[in-house]
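Comments concern the structure below.
Residue numbers (full-length UniProt numbering): 1 to 246.
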């Protein structure tokens with residue numbers, strides 16, 4: 001006779017899986033699912049246990065749910081929730097699991113567009129590092145956002161594209177070095193962000209043959225392995241033709 005009924009609910013509509021997601025107990029989560037607990041049960045706010053785990057910032061539990069075959073929740077919608085809640089570590093996990101960086105949600109919003117409003121620089125750094133379009137919104141995003149750490153990254157990236165376009169080596173160096181000094185997560189490179197017209201700054205510099213600019217960009221860990229939307233080849237192939245110095 002089983003003592004625990006896995007899908008028992010309290011007055012808020014929480015099942016035991018919801019409660020274990022709040023507490024961050026992966027072992028309890030595993031046990032409940034082994035007892036056939038419903039991973040798609042929703043509380044009174046229509047949240048599943050995986051949503052609670054995202055909001056609470058428990059990456060290991062989120063990852064466990066992603067490995068469940070019958071999880072009836074799209075990974076991209078989970079990414080939007082993680083971005084809204086400022087959970088950078090979970091955003092990175094979901095992006096690595098191929099969540100769509102560029103999908104549009106309500107009012108032509110992408111997850112990246114929400115970051116200046118949420119003032120979440122860390123999450124924005126993750127998105128840009130993985131090649132999110134910083135200017136995908138039809139309306140002029142930079143004119144609509146107030147000054148905060150996240151909005152400053154957008155403006156800095158906008159300036160970086162202009163500096164690369166103008167082949168201004170000193171300006172490119174200045175923008176990248178200042179971000180390195182300010183950045184709390186140096187493993188992320190904002191210069192990997194994409195413009196819907198020019199792709200990354202490294203693509204643009206490569207197409208134009210700006211060798212010194214390319215060297216500066218590579219020094220600050222811009223990613224040479226991203227693909228250009230328009231040409232569909234890896235940057236590393238393009239860079240080999242320039243014989244860029246190490």
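All residues carry an ideal CB built from backbone N, CA and C; glycine is no exception.
Since this is a predicted model, take the numbers as computed values, not measurements.
Does the beta-carbon of residue i have 16 or more other beta-carbons within 10 angstroms, so that it is buried, or is it exposed?
i	result
residue 35	exposed
residue 14	buried
residue 206	buried
residue 189	buried
residue 219	exposed
residue 120	buried
residue 29	buried
residue 8	exposed
Going by the C-beta, is residue i closer than 7 angstroms to any heavy atom of the ligand FAD?
i	result
residue 203	This structure lacks the ligand FAD, and indeed carries no ligand of any kind.
I'd like the span of the alpha helix (DSSP H) that includes residue i, first residue to last.
i	result
residue 249	Shown here, the chain extends from 1 to 246; a query on residue 249 therefore has no answer.
residue 68	Element bounds for residue 68: n/a, residue is neither H nor E.
residue 134	Looking at the DSSP string, residue 134 is not in any alpha helix (DSSP H), and its letter there is neither H nor E.
residue 84	75-84
residue 89	88-96
residue 100	That residue, residue 100, is in no alpha helix (DSSP H); it is neither H nor E in DSSP.
residue 247	Past the edges of the chain, shown from 1 to 246, lies residue 247, and the structure says nothing about it.
residue 224	Where residue 224 is concerned, there is no enclosing alpha helix (DSSP H), given that its DSSP letter is neither H nor E.
residue 204	201-208
residue 155	149-165
residue 19	16-23
residue 53	49-56
Measuring only the C-alpha atoms, how far is residue i from residue j?
i	j	result
residue 135	residue 195	6 angstroms
residue 21	residue 46	15 angstroms
residue 191	residue 10	48 angstroms
residue 41	residue 81	18 angstroms
residue 203	residue 23	45 angstroms
residue 25	residue 77	23 angstroms
residue 52	residue 212	48 angstroms
residue 73	residue 49	11 angstroms
residue 208	residue 224	15 angstroms
residue 17	residue 55	14 angstroms
residue 69	residue 128	30 angstroms
residue 153	residue 32	43 angstroms
residue 39	residue 64	11 angstroms
residue 27	residue 178	43 angstroms
residue 174	residue 124	21 angstroms
residue 155	residue 149	10 angstroms
residue 19	residue 151	36 angstroms
Just to check my reading of the structure: residue i and residue j have Cβ atoms closer than 8 angstroms, yes? What is that Cβ distance to the nearest angstrom?
i	j	result
residue 214	residue 172	Their Cβ separation, rounded to whole angstroms, is 10 angstroms, which puts residue 214 and residue 172 out of contact at 8 angstroms.
residue 95	residue 130	5 angstroms
residue 66	residue 97	6 angstroms
residue 126	residue 160	That belief does not hold up - the Cβ atoms of residue 126 and residue 160 are roughly 18 angstroms apart, past 8 angstroms.
- Query: Does the count of Cβ pairs from the segment 50-59 and the segment 84-91 closer than 8 angstroms reach three?
  - Reply: yes
- Determine contact between the segment 92-102 and the segment 157-166, defined as no fewer than three beta-carbon pairs at a distance below 8 angstroms. no
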